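What follows is a set of notes on a single structure, which appears directly below.
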Amino acid sequence: MPPHFLTETRILGEGRRPVAGVDEVGRGPLAGPVAAAAVILDPKRLPDGVDDSKAMSAKAREEAFERIAARALAIGVAFASVEEIDALNIRRASLLAMARAVAALHIAPGFVLVDGRDLPELACPGEAIVKGDAICLSIAAASIVAKILRDRQMRRLAAFYPHYGFATNAGYGTPEHLAALRAHGPTPFHRMSFSPLREARANAP
957 MPPHFLTETR
967 ILGEGRRPVA
977 GVDEVGRGPL
987 AGPVAAAAVI
997 LDPKRLPDGV
1007 DDSKAMSAKA
1017 REEAFERIAA
1027 RALAIGVAFA
1037 SVEEIDALNI
1047 RRASLLAMAR
1057 AVAALHIAPG
1067 FVLVDGRDLP
1077 ELACPGEAIV
1087 KGDAICLSIA
1097 AASIVAKILR
1107 DRQMRRLAAF
1117 YPHYGFATNA
1127 GYGTPEHLAA
1137 LRAHGPTPFH
1147 RMSFSPLREA
1157 RANAP
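Numbering (my numbering), first residue to last: 957 to 1161.
Written out as structure tokens, the structure reads:
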């Protein structure tokens, strides 16, 4: 069953409006920022073809992204940098990016639905929903926006650091990426607090 708008409809019916869905992308990679998006959908113009971004092909994500961008009432996007990830840890950096994405909305939400177990610090009420990107349409839309924009940023990094395969692996620890780390060492965009980078630094001559 694809994500639905039932949770949002219930909250809107309680007079808490508008409702924003929030998700982040990029907790697991060894390189690059974590990205977050907040999306307020128009109940009268819901985009079709929206699913959990992880369950979609790259082409389907791009097409859904265009529909979301055309129909949403507001979209906020934000990042937490590699430096923030290393200083705070990935969980806290992800919450920071999500809070920034909500703050970036040009329409202040009355309620926020967040994918996961934790709520970021918000100026309005919210609810965390485990696997929310597979349940709530607004969260699924946010997952697509965050995924598309983070992948684009990693492709830009690939132009400057071609050895690591960022354009295809998005910074995840693929065999190709790990081999490039052994051969060339880390870039300034690698997360030095993550275990493969810590081990590489410990084993460096």
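From the three backbone atoms N, C-alpha and C, an ideal C-beta is built for every residue, glycine too.
None of these values were measured; they are calculated from a predicted model.
Beta-carbon proximity check, residue i vs residue j, cutoff 7 angstroms
| i | j | result |
| --- | --- | --- |
| A994 | V1058 | yes |
| R1147 | V981 | no |
| G1129 | P1152 | yes |
| A1084 | L1075 | yes |
| L997 | S1094 | yes |
| P959 | C1092 | yes |
| V1006 | A1123 | no |
| H1133 | H1119 | no |
| R966 | R1001 | no |
| M1110 | G1121 | no |
Buried or exposed by the 16-neighbour rule on C-beta atoms within 10 Å, applied to residue i
| i | result |
| --- | --- |
| F1067 | buried |
| N1125 | buried |
| L962 | exposed |
| A1043 | exposed |
| H1062 | exposed |
| F1021 | buried |
| A1102 | buried |
| P1131 | exposed |
| A976 | buried |
| E970 | exposed |
Whole-Å CB distance - residue i paired with residue j, under 8 angstroms assumed
| i | j | result |
| --- | --- | --- |
| D1008 | A1098 | About 11 angstroms separates the two Cβ atoms, so there is no contact after all. |
| P1142 | R972 | P1142 to R972, Cβ: 45 angstroms. No contact. |
Of the residues the options, the one placed nearest residue i, counting alpha carbons only
| i | options | result |
| --- | --- | --- |
| P1003 | A1135, E1018, S1013 and A1014 | E1018 |
| L1078 | I1095, M1054, V1086 and H1062 | M1054 |
| A1011 | L1052, M957 and T965 | M957 |
| F1150 | N1045, M1110 and A976 | N1045 |
| A1025 | I1100, L1113 and A1114 | I1100 |
| G984 | V975, A976 and R1047 | R1047 |
| V978 | I1031, A1014, S1013 and K1015 | I1031 |
| A1014 | E1155, I1104 and R1112 | I1104 |
Take every Cβ of the stretch 1019–1037, pair it with every Cβ of the stretch 981–993, and state whether three or more of those distances are shorter than 8 angstroms. Enough Cβ pairs lie closer than 8 angstroms, so yes.
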